[in-house]
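What follows is one structure encoded as structure tokens, with my remarks underneath.
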Amino acid sequence: MLRYIVRRVLVAIPLLIVASILTFALTTAMGDPLAEWKTLRARTPAEVTSEYHRIGWDRSPPERYLDWAGGFVKGDWGATISPGSGTLDVRGEIGRALGVTLQLVIVAEVLALLIGMAVGALGAVRQYSWFDYGATGAAFVMFSMPLFCVAVILKFGGIQLNNWLESLGLGRWIITAGPPQGGFSGGFGQLLYEYSGAFILPVLSLIAIQFALFSRYQRASMLDALNADYVRTARAKGLSSGRVVIRHALRNGLIPVVTVFALDLSLLIGGAVITETVFGWRGMGALIVDAITKREPWMVQGWMMVTAIVIIAFNLIADLVYAYLDPRIRLG
Amino acid sequence: MVDISSPPTAAGAGFADSQARAEWRTVLRRFLRHRAAVAGFAMFVLLLLFAFVGPFVWTASLDAGGTAKVAPSPGHPFGTDRIGHDMLASVISGTRLSLQIALVVALVATVLGVVLGAVSGYLRGWVDGVISRVIDLMLCIPALVVTAVLARHSFTLAPSAQNASNWLTVALILALFTSWFPIARTMRGMVLSLREKEFVEAARALGASTSRIVFRHILPNTVDVIIVNATVTVAQAVLLESALSFIGLGVHRPDASLGLLINENKNELATLPWLFWFPFVFIVLISLSVNFMGDGLRDAFDPRQKRVRA
């Protein structure tokens, strides 16, 4: 087991190096970070030269890459370079943004997994029932809806709800400007009110896409389990049908789904980009959209590295969990 | 030597031919019995007609400058937007563009995925190593972000005369950087197991060339998976393109994709709701119809599936 983990980590290192080179090529291809600054007003040649020197663009791309890579390994991930707006430390910014996004993604993912598993398993047990058709239909519609539309519609609904609550004399509950900032003022009820108001819409939007995926996977793997020989044996033994479904089929039917979420992490990250854009969260999504729009090479670079590491780590965890849950699988 | 060339071979070929036709007929029959899939197919044909024949029927100009903010009415069935674009013309053009992008993506990604997956599964060795590592690499970088970075490079700067129309670029970027590796992975797995099968060994023993083995013996056995994957890719490409246009890094005017239309009108949901709902409904219809077809095809191809769902 330990040998397997060590080997996977070692294999990931060249992958990350190649990924960083590819990302560097991509960010270099984004173009001149000073293009907009130069068109803002006429600049003297001396100004232009000193500005390019300030951001290090008077050196060749390979030099810039090696410089960045050396710093990255030591923990210095560079800073933003856009002229005029001061410099921000890339690592600090990413750390802050990652915290914001993780709050959102973890809550949404856990809920989506629970709901998806429950609905999928129930749909399989009652195959071809109205519940199954309803759940399948809902999953298909959600699969087919672009996430940003779901988010925009939910935001609109939230505003309507707020107006209605206000007309009843209760304040505006739904917040569409990021997570609550303040510390722990007020009682538990107040805190719950604030957090639920901020989380409900973005979490619902992320659940909408993930739920469809999880419930379909769960349904398929539960059907496989229900048709397996060991379930027939259990039934033949005369066990009650509840016991067969829960102890024999469900426990095995849960295994594949536990690992699906890691495989679609990249989809989820794309989803978070959209959700944060719509609901005004200053997380990883907003950070990368901003960095791309402003052509911040080091910010994009740092962001891609962190994301790649997270994805590789989750894939490894998924494989380990899978092997743990299903002893027939041998790692090696 | 006994001459085995003429009569028996002809009979054998005829037999195989009728077998093959019977299989396709079974698949077709199963597909036609899948009501949701047939509805999806009909819907998809209607959408194609709407997108490609529509412009000849509804000849309103795509340009801004008409009366602004008209609610849906006989003169403008889908209304007009803030600066006087006729929405029906915009939605027709948007649907066409979204479909074009999706079909190009599905075609390029499927060909690329099938060829690379089959090559890597059949040849194994260092070729497989290289292709598999490239896929690993692509999988650890979020697709939406890669496409956004590329889009930033190629065309979001003020649209100049040379890149007035950019939908093909968007489609190719999506195909090359996001859509082919799931297909390649699946293909590789299938070819890895098929190449060990007895009929492949038999073909090799008979002296069939590598290309004949791959194209005549292995690929036909993966057709079902390829077709189902291709439909899924179409649906995903529609959604991904619209997401890209939504964050402002995809298609831009004069091209109008459905995602772009929604992006332009997302703040009008309270005041001019039709500007949001029409493009939204068309995105959902495209993606839903393709997903239903894919589901029907999967069931139709799966011989283990005995009962065909309604």
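For the record, the sequence lines run as chains R and D.
Read in order, the letters of the first sequence correspond to residues 74 to 405 in our numbering.
Read in order, the letters of the second sequence correspond to residues 1377 to 1686 in our numbering.
Built from N, CA and C at the ideal position, the CB exists for glycine as well.
Relative to the C-alpha of residue i, which candidate in the options has its C-alpha closest?
i         : options                                       : result
D:Glu1644 : R:Val225, R:Gly231 and R:Glu349               : R:Val225
R:Ala381  : R:Ile361, R:Arg316, R:Gly344 and R:Ser339     : R:Ser339
R:Arg401  : R:Ile328, R:Gln176, R:Thr306 and R:Glu182     : R:Ile328
R:Val373  : R:Trp246, R:Ile361 and R:Val383               : R:Ile361
D:Ile1638 : D:Val1576, D:Val1421 and D:Phe1622            : D:Phe1622
D:Leu1595 : D:Arg1509, D:Met1563, D:Val1414 and D:Thr1402 : D:Met1563
R:Ile417  : R:Gly262, R:Ala271 and R:Val214               : This structure leaves residue 417 of chain R out entirely; chain R is present only between 74 and 405.
R:Cys222  : R:Ile188, R:Arg80, R:Ala386 and R:Thr350      : R:Thr350
R:Leu296  : R:Leu95, R:Thr112 and R:Gly196                : R:Gly196
R:Arg80   : R:Ile385, R:Ala322 and R:Tyr395               : R:Ile385
R:Leu265  : R:Ile248, R:Trp237 and R:Trp110               : R:Ile248
R:Leu393  : R:Val331, R:Ala281 and R:Trp354               : R:Val331
R:Lys367  : R:Ala115, R:Tyr125, R:Pro156 and R:Val121     : R:Pro156
D:Arg1500 : D:Leu1568, D:Val1429 and D:Leu1544            : D:Leu1568
R:Leu175  : R:Ile342, R:Glu120 and R:Leu139               : R:Ile342
R:Gly210  : D:Asp1675, D:Phe1677, D:Ala1676 and D:Asp1671 : D:Asp1671
D:Leu1483 : D:Val1627, D:Leu1550, D:Val1660 and D:Val1495 : D:Leu1550
R:Val214  : D:Asn1667, D:Arg1588 and D:Pro1448            : D:Asn1667
R:Gly326  : R:Tyr395, R:Leu227, R:Gly168 and R:Ala194     : R:Ala194
What's the C-alpha gap between residue i and residue j?
i         : j         : result
D:Leu1548 : D:Phe1557 : 14 Å
R:Met74   : R:Pro87   : 21 Å
R:Gly172  : R:Gly356  : 8 Å
R:Val198  : R:Arg76   : 40 Å
D:Ala1537 : D:Arg1629 : Low local confidence applies: a pLDDT of 45 at D:Ala1537 is under 50, so the model's placement there is unreliable, with the coordinate-based value given in what follows. Distance between the alpha carbons of D:Ala1537 and D:Arg1629: 12 Å.
D:Asp1504 : R:Leu89   : 20 Å
D:Ala1581 : D:Gly1493 : 24 Å
R:Asp399  : R:Ile365  : 42 Å
R:Tyr268  : R:Asp363  : 26 Å
D:Thr1586 : D:Ala1560 : 19 Å
R:Ser313  : R:Val304  : 12 Å
D:Thr1532 : R:Tyr206  : Note that D:Thr1532 has pLDDT 45, beneath the 50 cutoff, so the model's placement of it is unreliable and the number below is only indicative. Approximately 43 Å between the Cα atoms of the pair.
R:Phe145  : R:Ile390  : 25 Å
D:Val1506 : D:Arg1406 : 40 Å
R:Asn388  : R:Val333  : 10 Å
D:Ala1613 : R:Ala293  : 24 Å
D:Arg1509 : D:Leu1488 : 16 Å
R:Ile78   : D:Ile1459 : 59 Å
D:Ser1618 : R:Ala119  : 43 Å
D:Cys1516 : R:Ala345  : 16 Å
D:Pro1535 : D:Glu1574 : Because D:Pro1535 sits at a pLDDT of 47, beneath the cut-off of 50, its placement in the model cannot be relied upon, and the following sentence gives the value as read from the coordinates. Taking the straight line joining both Cα atoms gives about 57 Å.
D:Gly1455 : R:Ile179  : 41 Å
D:Ser1555 : R:Ala191  : 30 Å
Residue i versus chain R: which residues are under 8 Å apart at the beta carbon?
i         : result
D:Phe1668 : Phe213
D:Ala1581 : Within 8 Å Cβ-Cβ: nothing; D:Ala1581 doesn't reach chain R, min ~33 Å.
D:Ala1646 : Phe229 and Ile232
D:Ile1589 : Simply none; closest approach about 31 Å.
D:Ala1619 : Pro219, Leu220, Phe221, Gly343 and Ile347
Applying a beta-carbon distance threshold of less than 8 Å, which residues of chain D neighbour residue i?
i        : result
R:Thr100 : Val1525
In chain D, which residues lie with their C-beta within 9 Å of the C-beta of residue i?
i        : result
R:Val331 : Chain D residues near R:Val331: none, gap ~19 Å exceeds 9 Å.
R:Thr380 : Cys1516, Ile1517, Pro1518 and Val1521
Starting from the beta carbon of residue i, find every residue of chain D whose beta carbon is closer than 7 Å, and list them in chain order.
i        : result
R:Val362 : Ile1623
R:Val373 : Val1525
R:Val58  : In the structure displayed, chain R extends from 74 to 405; residue 58 of chain R sits before or after that span and is not available.
Just to make sure I have the definition right: I need the residues of chain R whose C-beta is within less than 9 Å of the C-beta of residue i. Which are they?
i         : result
D:Phe1656 : Met218, Pro219, Cys222, Val225 and Ile226
D:Ile1549 : Within chain R, no residue comes near D:Ile1549; the closest Cβ sits about 11 Å away, beyond 9 Å.
D:Val1660 : Val214, Ser217, Met218, Pro219 and Cys222
Going along chain R in order, which residues have a C-beta closer than 7 Å to the C-beta of residue i?
i         : result
D:Ala1519 : Ser339 and Gly343
D:Leu1615 : Pro219
D:Leu1664 : Phe213, Val214 and Ser217
D:Lys1642 : Val225
Is any non-hydrogen atom of the ligand ATP found closer than 8 Å to the C-beta of residue i, if you look at the structure I gave you?
i        : result
R:Ile384 : In the structure shown, the ligand ATP is absent, as is every other ligand, since no ligand is present at all.
> Going along the chain, which residues of the stretch 337–351 of chain R sit with their C-beta nearer than 7 Å to a C-beta in chain D?
Replying inline: Ser339, Ile342, Gly343, Val346, Ile347 and Thr350
> Name the residues in the stretch 216–229 of chain R whose C-beta lies less than 9 Å from a C-beta of chain D; which are they?
Replying inline: Phe216, Ser217, Met218, Pro219, Leu220, Phe221, Cys222, Val225, Ile226, Lys228 and Phe229
>> Tell me which residues of the stretch 385–397 of chain R have at least one Cβ-Cβ distance to chain D shorter than 9 Å, keeping chain order.
In response: Ile385 and Asn388
>> Closer than 9 Å between beta carbons: that is the criterion. Which residues of the stretch 1594–1610 of chain D meet it against chain R?
In response: none
> If you scan the stretch 1622–1649 of chain D from start to end, which runs of the alpha helix (DSSP H) of 4 or more residues do you find wholly inside it?
Replying inline: 1634–1641
> At which residue ranges does the stretch 140–220 of chain R contain complete beta strand (DSSP E) runs of 3 or more residues, listed in the order of the chain?
Replying inline: none
>> Which runs of the alpha helix (DSSP H) at least 4 residues long sit entirely within the stretch 87–119 of chain R? Give them in chain order.
In response: 108–113
> If you scan the stretch 1457–1502 of chain D from start to end, which runs of the alpha helix (DSSP H) of 4 or more residues do you find wholly inside it?
Replying inline: 1463–1499
>> Can you pull out the residues from the stretch 1476–1490 of chain D whose beta carbon lies closer than 9 Å to at least one beta carbon of chain R?
In response: none
>> Taking beta-carbon pairs under 8 Å, can you tell me which members of the stretch 160–189 of chain R lie near chain D?
In response: none
> When Cβ atoms are compared, which residues of the stretch 102–117 of chain R fall closer than 7 Å to chain D?
Replying inline: Ala102, Met103 and Gly104
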